[in-house]
Each structure stands twice: as structure tokens, then as C-alpha cells.
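Following my numbering, the numbering of the sequence shown begins with 4 at its first residue and continues without gaps.
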Amino acid sequence: MLVFPYMASLIRKKKRNKFYYYLAHSARVHGKPRIVRQIYLGTAERVAALVKANSTPQPLDASVLDFGLPAALWQAARRSGAFDALLSVWPRPRKGPSTSHYLLLAAIHRICSPGPKTRVSDWYRRTALPRLWGFPAAGFSSQAFWDCFDRIDIDPDLRVPREDELEQAQAALLDAFCAQGLAGPRVLAYDTTNFHTWTASTNRRSHLARRGRNKQRRHDLRQVGLSYALDGQHGLSLCHHVYPGNVADSDELPCALQRVARLLDHAGIARDSVTLVTDKGATAFANTQELAAHGLGWITALPWNQAPPTLRSRPVAQLQAVGPEHPGVRAAAARAEVHGGERLCVVAHSSSFAAEQLHSAGASLARATQALRRIARELARPRRPYQEQALRRRLDGWLEPNFVSRSLSYELQAAGEGWRLNYAVDSNALGELLTGRFGRTTLVTNRLDWTAGQVVAAYAGQQLAEQVFRGLKAGDWVGWGPMFHWTDSKIRVHAFYCLLGVSLLQYLRRQAETVWPGLSIEELKRELGQMQQIDLLYPRQGAKGPPRALTVMTKRTLVQKSLSDALGLEELLPGTGG
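Shown next, in the form of C-alpha cells:
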């Protein structure tokens, strides 16, 4: 028998002087219309009640929760193995959140809404995390964070590494990343920076917060130093160390090497298979010996005055293109005696870097000439006494930055009771800078069998560390500041969860790269931050019916839909077991 679907209709039947209604489905059977299915609905009053119950009701209440970014970071912590690594050091208690939850929540909060711990509880309440974790917001007060972090076993010795709980957590995270194929025998990018603090000058309890040359130009505040090693391919944090702010970058490297070597040994990674990339700040003869003693491969940038003159001044036409992965970059290699041994030296020329240096030098030159013109007019006025030594210091200060002194000169002459100032720009010197200095970087390595292209490609991983530092200081990635901690232990914990947040963001970026190539971390945060969860509460169905609730997502763009699928956010929606 062939049945072709036709349509449904409402029919009425009379039984015992009462009308009853049925939903009838009709179809053609052997070419003739027949009722093939019939559903009893009841009387007219019951049909009206069914229509009223199934009509669109008005919600009683609606709440909007941040879903995209917090849920994605929680999913990243689970999928990358980072959360399990934290639990291996700080297990779950019988009741309430564990130390692992506090650290992870601090990292997520610093990414989504940086601020003090007094704001975490209110922010946590407005996210999807209470449903995903099952912990009320009252358990994450600022006092709860303080008590939790105070229970973490932290070594008070700042220079000698010891297996305290933070060191154990770094080793556990490295094991988790290695198990996921996110870290291994490859390039490690190493760099150092410092962050200003709000620690009072009268505070004697903190040995980390010290006066020093602050890279954010907040010389009026005490600062802490941070050395950092990350995977040169995926950008995940592998090792970090917080050290006193008055320690020079080159003096910190030997202490950082001990931690890097110990973590590599713990993870079973051969030291000679790892190449550590550093910048000029760590270049020193003693550090080269330390790297050799630890059995690590290394690449570093040489200061201009230490680079071999014949190599650093080689014409650009004699350099070979590195490859399509690094457009506009040309390089050449030669062996030379550097730092007490035979090394492979590489000179690299980047057209983009040269253009940036030219632009910066031009802006500095313009500011210097404007300043010289103003002071020249002041000197021409009568009764303007100036001491020659103080005047020359002032003039030399304007010529100091960005090669200005190489292309701009001045002549100061006594004229009666005053001074006469003349200045000129040397166009030939500008040409020499453009052809022989701008865009050039001289690298040195103990990998004698590597090509110039391999050395340049490995050194490019060092830019990842610089991106992390910019993201920490500007707050575009993880908001390091404001940091109001005033004890060494809390400062070290603060650094730990900030860099944990960096690893989670890098993992998310790596997953997003599979569906939307070229998406930066800033764009990724913006797209995920726009994804919100809306909970609608409807009236009860009947007098004794249960409350009705519905969860919907805000309208998503094509990018957001692709990210939801790649990051597994659909698994975390209500009713999916997330």
C-alpha cells in the first residue's frame, strides 16, 4: 500500500449530544483520500486550554551571563590538561573549591575583567562559571583568596630554586603540555622584563619589590623582575621566575638556567635538543659559559660593537633571502671567534625593521631640530644668561636618542654676553645609517651545523616573549596590573596565575587557528567576549507545574559559530552534560 502525505485537519464528532474534536491526518490510499491517523483532542474547552498553554508566554525574568570567553578558558584548561595538572598538586577537598579552582579563576578573571580580588565574586556571579563549577559566588571572596594563597607552600629563598608547590605546578603543567604535543625538543624563547608595583617605600617585608630601571618608566615606584621561557612554536609558558627588581637582566640568566634545566630533566627532554633564544640583554661572556655548562643550545643577539665588522657591514645585495615564511628578510652566516670559542654568526636584514627604524629616527630627528630651533631663538634674546656646561648637557640630551647624534650636529659659540647656536643635518650620515645599520641584527649561536635561515627562524620565536610582555603590561591579553600585593609569596602567586592565563590564551589561539587562520589573541578575546548566555524564566504550567526556564545564546556571527565548534562551547550549554 502506498501512502502519500497530504495534510492535517481538525474534525468534529458528536457523541451523546456533545462535540469532541480530533486531529486527523489524511492521505491518498490507492488514489483515494483516506484518514490514516487520528488523534483525540477532547472538548472545545480542552482544545482552547491546549492552545493557550502552547502559545508563546511572556517570561517573568531574564538574566544575561558572560559565556563565551569564561567558558572557552575553562574548556581550554580541561582539554589542555592544565586543570588536571593543578589538581595533581592541589587536590579537590571534600567540600568547596580547591586551590586549583582559585588559581584558575584568578587567571580567568585577569583575562576577562582585570581587577582586585574584591571584584571577583560579583564578576563570577555574572558568568556561566557557577553553573559549570557548582560553587556559589560567596566562596570566592577576597578573604577566601587571601587565605587560599597563604596556604600555598612557597620557598622564601629567591635565588636558590627549590621544589616548592609553585615549582611543582610548573613541572606538572610542562608534563601536561608535553602529553598533548604542545611542547618538546624545540626552541625555547627566553626574555626578561620588570613590572612596577604599588609597594610602599617603607615596606621592609618584600624582598622582591626593589628600585631599579623600570621599563615602563615608572622610576618612582618599586618594581619586580620576571624571567620567562616559553615554547617558541606554540607560545605556551614553560618556566618563569620572579626576582628582585634591582637585579640586572644578565645576572638573572644563571638562576633561570637552573630552573629551565631542572624542568627539562623532569620532563625527560634532552638538554642538547633544546635551543634557548635570548636577546641582547642576556649577552655576556659569563652567560655563554653557563649555557655551555648546562648543555643547552643557544642563540642570542650581539650588541653592535661586539659583532664581527666584516659580517655586520655586508651589503644587502650579498645576503640571501631566508624564505617565504619570513618575507623581506635576508641573511648570511660565517664562523667567527666570539665569547671564547668558535661560533656561527649570522647577520640578518629585515626591510620592515629598517623602515620602522627609519621612521623612528626621522621622528626623533624632527623633535631634536625643533628643540634646537627654540633654544636658538632664546639664546638670541638679550639678557638670557646660560652656563656653557649646563647648556651643552641640554643640547646633547636632545641628540642622544635613535642615532640623532650621527646625523645632526650643532656649533655653539660665545657672542658677547650670550651664545649663538647653529645646527645642520648630515644627509650622507642618514644614507650610511640606512644602508649599513638600519634593519640589521647580528646573531650568534653554538649550533654550527645550522643554516642562516634556521637561525633567523629560531630567533623569530623570541618575538613571542615580547608579545606576551606587551600583552601583560597593556592588559590586551592578561591584565598584570594593578598589582597591590605587598608580600613576596603573593607576588609569586600573582605571576603564576597570570602566566597560566597566557598559556590558556595561546592554547585557544592554536585551536582557533584550525577554523579561522590569522585570528589574533586580541580579536579572539573580542569575538568570544561578545557571546552571552540569556536565561529566561517563564510562569508555571498549571497550578502545580514546575518552573519553566529556557537558555538561549545571543545571535552569533560566522566567526563565533566557527569558534564555538572548534573550542567545544556547545558541550557546555545547559542540557548537554557540560
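Note that the Cβ used here is the ideal one computed from N, Cα and C, for glycine as well. Small disclaimer: the values here were computed from a predicted structure and weren't measured.
Rounded to whole angstroms, the separation of the alpha carbons of leucine 522 and glutamate 516 is 7 Å. Contact check for leucine 424 and leucine 411: beta-carbon distance about 13 Å, past the 8 Å limit, so the pair fails to qualify. In this structure aspartate 452 is exposed. Its beta-carbon is surrounded by fewer than 16 other beta-carbon atoms within 10 angstroms. Assigned with DSSP and collapsed to three states, glutamate 435 falls in helix.
Within the stretch 13-61, the beta strand (DSSP E) runs of at least 3 residues that lie entirely inside it are, in chain order, 21-32, 35-45.
The criterion of a C-beta distance shorter than 9 Å is satisfied by phenylalanine 487 and tryptophan 201. Segment contact: the stretch 322-332 against the stretch 419-436, fewer than three CB-CB distances shorter than 8 Å; contact not assigned.
For tryptophan 149, the enclosing alpha helix (DSSP H) begins and ends at 145-153. Counted as a single uninterrupted DSSP element, the stretch harbouring leucine 575 is not any alpha helix (DSSP H), since DSSP gives it neither H nor E. DSSP, read as helix, strand or coil, puts alanine 186 in coil. For aspartate 268, DSSP records no beta bridge to any residue.
Counted as a single uninterrupted DSSP element, the beta strand (DSSP E) harbouring threonine 445 occupies residues 443-448. For serine 412, the uninterrupted beta strand (DSSP E) run begins and ends at 411-418, by DSSP. Within the same chain, Cβ atoms closer than 7 Å to the Cβ of glutamine 183 are found at Ser83, Gly84, the five residues on either side in sequence being excluded. Phenylalanine 22 is positioned such that its CB atom lies closer than 9 Å to that of alanine 47. Around the beta carbon of threonine 448, 16 or more other beta carbons sit within 10 angstroms, so the residue counts as buried. In the three-state reduction of the DSSP assignment, tryptophan 93 falls in the coil class. At the C-beta level, glycine 235 and leucine 191 come within 9 Å of one another. Residue burial is scored here from C-beta neighbours: isoleucine 14 has fewer than 16 other C-beta atoms within 10 angstroms and is therefore classed as exposed. Taking alanine 335 as reference, the option from Gly419, Pro257, Gln457 with the minimal CA-CA separation is Gln457.
For glutamine 535, the three-state secondary structure derived from DSSP is strand.
For leucine 229, the secondary structure class from DSSP, reduced to helix, strand or coil, is strand. Membership of threonine 278 in the beta strand (DSSP E) is indicated by the continuous run 278-281. For a cut-off of 8 Å, the C-beta gap from leucine 570 to glutamine 78 is around 6 Å, short enough to register as a contact. Taken in chain order, the complete beta strand (DSSP E) segments of 3 or more residues contained in the stretch 338-416 are 344-353. Glutamine 146 is classed as exposed because its beta carbon has fewer than 16 other beta carbons within 10 Å across all chains shown.
DSSP places histidine 329 outside both helix and strand once states are collapsed to three, so it counts as coil. Judged by pairs of C-beta atoms under 8 Å, the stretch 318-327 does not touch the stretch 284-291, as fewer than three such pairs exist. Going by beta carbons, leucine 108 and phenylalanine 143 fall inside the 9 Å limit. By the Cβ neighbour-count rule, proline 542 is exposed, with fewer than 16 other Cβ atoms within 10 Å of its own. Straight through space, the alpha carbons of arginine 495 and serine 209 are spaced by roughly 11 Å. Here the alpha carbon of leucine 375 sits roughly 15 Å from the alpha carbon of glutamate 391. Look at the stretch 469-543 and you find these whole runs of alpha helix (DSSP H), each 4 residues long or longer: 491-515, 524-532. It is roughly 25 Å from the alpha-carbon of leucine 211 to the alpha-carbon of serine 103. In the three-state reduction of the DSSP assignment, asparagine 308 falls in the helix class.
According to the DSSP assignment, histidine 297 belongs to no beta strand (DSSP E), since it is labelled neither H nor E.
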